[in-house]
Each structure stands twice: as structure tokens, then as C-alpha cells.
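The next block holds one structure in the form of C-alpha cells; read it before the comments.
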Amino acid sequence: MPESHVTVLGAGVVGLTTAMLLSRTPDYSVTVVAKHMPGDYDIEYASPWADTVVYRRAKDVGTATGDWFAELLREDAWFADVVPN
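Here our numbering is used: the first residue of the sequence shown is 39, the next is one more, and so on.
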């Protein structure tokens, strides 16, 4: 099957998560198009100021959810070359 080219609009939480999940499949070539990217500080880009709630994730160790969070926290994460900070 030929590779499908996918364009994701927006680099917020939903856009970047969608791009990440699609890029894991060799069937897709993913491009992210956004006015602002992580690391940009602009009043129009909410992610630098988005509120967070920290939950203990000990119950997720060894599960698909735990593996997903562990991947996001790696120093050599897949997005390290894309996100400047």
C-alpha cells in the first residue's frame, strides 16, 4: 500500500498527539501545520499557560497507559528534535 500523506492542523495537545500516533505507523507521512509550536510564547497559543493537574500514575505501571506516559517522559523522546524546549 502506498504511503498516505496526512496534514495535522494545530500544534496543541490534540494536534501533536494525533501527529505522534499517526507517525508511529509507516503507512503515514505526517506534516504538522500550525501558527504556533511548543516553545512559542504568544497570547494566542494556550499550551505554555495551560493548567495541569498531577495524578500519581503508579497504578499504570506495566499497562499501555503507563508505557505511553513513560515514552512522553523520556529524555530522547520522539519529539525532542521538534520541540525546542
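Positions of the beta carbon are idealized from the N, C-alpha and C atoms, including for glycine.
Distance between residue j and residue i (C-alpha atoms, nearest Å)
i            : j          : result
aspartate 98 : leucine 60 : 23 angstroms
alanine 118  : glycine 53 : 16 angstroms
Unbroken beta strand (DSSP E) run spanning residue i, endpoints
i            : result
threonine 63 : Where threonine 63 is concerned, there is no enclosing beta strand (DSSP E), given that its DSSP letter is neither H nor E.
threonine 45 : 42-47
C-beta contact flag for residue i and residue j at 8 angstroms
i             : j            : result
methionine 75 : alanine 115  : no
arginine 95   : glycine 104  : yes
valine 71     : threonine 56 : no
Any non-hydrogen atom of the ligand PLP closer than 7 angstroms to residue i Cβ
i           : result
leucine 111 : Ligands in the displayed structure: none, and consequently the ligand PLP is not present.
Closest Cα partner of residue i within the set the options
i            : options                          : result
proline 64   : Phe107, Pro40, Leu111 and Arg112 : Pro40
threonine 69 : Leu110, Ala108 and Val44         : Val44
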